Amino acid sequence: MANTYTQIHIQFVFAVKYRDGLIHPAFQKELYQYISGIIKHHNHKLLAINGMPDHVHIFIGMRPTQTISDLMQDIKGNSSKWINEKQFLKVKFEWQEGYGAFSYSKSHVDAVIKYIEKQEEHHSTKPFREEYLDFLKLFEIDYDERYIFNEPI
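Start counting the sequence shown at 821; every next residue gets the next number (the working numbering).
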């Protein structure tokens with residue numbers, strides 16, 4: 821796409837099905853590397869990736885060559901398949917349906933990267949569901965309470 825110039829910064833947030841804490845430290849780094857490879861394969865620029873045992877945050881510079889939904893389908897579908905093929909867990913791994921995608925201006929990039937890098941510290945005081953609702957309110961996104969990531973069952 822010659823002569824096409826963009827600056828699109830998107831933070832993605834998505835959870836393990838039933839919010840189970842299945843992303844163990846033993847394979848977390850390898851999972852993030854795998855997801856990073858998917859992002860790079862599509863020529864997007866990874867800015868940050870981190871999370872907790874029950875959810876992941878990804879921040880990218882996105883190219884306009886792919887839709888957000890196609891990228892998320894690729895990331896979630898392929899990473900869950902990869903986790904299951906590697907047999908990291910004794911149970912079947914699945915991501916919960918849906919995700920959050922939040923856009924930021926260039927002036928917010930450094931702050932978002934720092935926020936994602938400090939997930940462990942951040943979640944010592946705020947649970948994931950509360951964090952996610954804060955994002956929806958901050959970005960003024962209408963939502964249906966029935967479809968918000970609920971506590972583990």
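For each residue, glycine too, the CB sits at the ideal point set by N, CA and C.
Note that the structure is predicted; figures quoted are calculated from it, not measured.
* To do: Would you check if the distance between the CB atom of ILE961 and the CB atom of ALA868 is smaller than 9 Å?
  => In this structure, ILE961 sits away from ALA868, with a CB-CB distance that is not shorter than 9 Å.
* Which of helix, strand or coil does DSSP assign to PHE879? -> strand
* **Contact test: HIS829 Cβ vs the ligand MN heavy atom, cutoff 8 Å** => Ligands in the displayed structure: none, and consequently the ligand MN is not present.
* **Cβ distance (whole Å) where GLN831 is taken to contact TYR967 below 8 Å** => In fact, because the Cβ distance is near 19 Å, the residues do not count as touching under 8 Å.
* Pick from GLY897, ASP964, LEU956 and ARG949 that is closest to HIS875, judged by C-alpha positions -> ARG949
* Are the CB atoms of GLY881 and GLN848 nearer to each other than 9 Å? -> no
* To do: Assign GLY918 to buried or exposed, taking buried as 16 or more other Cβ atoms, counted over all protein chains shown, within 10 Å of its Cβ.
  => exposed
* Asked: Could you give the distance in angstroms between the alpha-carbon of TYR838 and the alpha-carbon of HIS844?
  -> 16 Å
* Please classify LEU851: is it buried, with 16 or more other beta-carbons within 10 angstroms of its beta-carbon, or exposed? => Only buried fits LEU851, as 16 or more other CB atoms lie within 10 angstroms of its CB.
* Would you call the stretch 901-914 and the stretch 883-892 in contact, with 3 or more CB pairs under 8 Å? -> Result no; under three Cβ-Cβ pairs closer than 8 Å.
* Quick one: is VAL770 buried, meaning 16 or more other Cβ sit within 10 Å of its Cβ, or exposed? -> The question about residue 770 has no answer here: the residues shown for the chain are numbered 821 through 973.
* **Start-to-end residues for the beta strand (DSSP E) that takes in VAL833** => 829-835
* To do: Taking only the alpha-carbon atoms, compute the straight-line gap between LYS926 and HIS877 and give it to the nearest angstrom.
  => 18 Å
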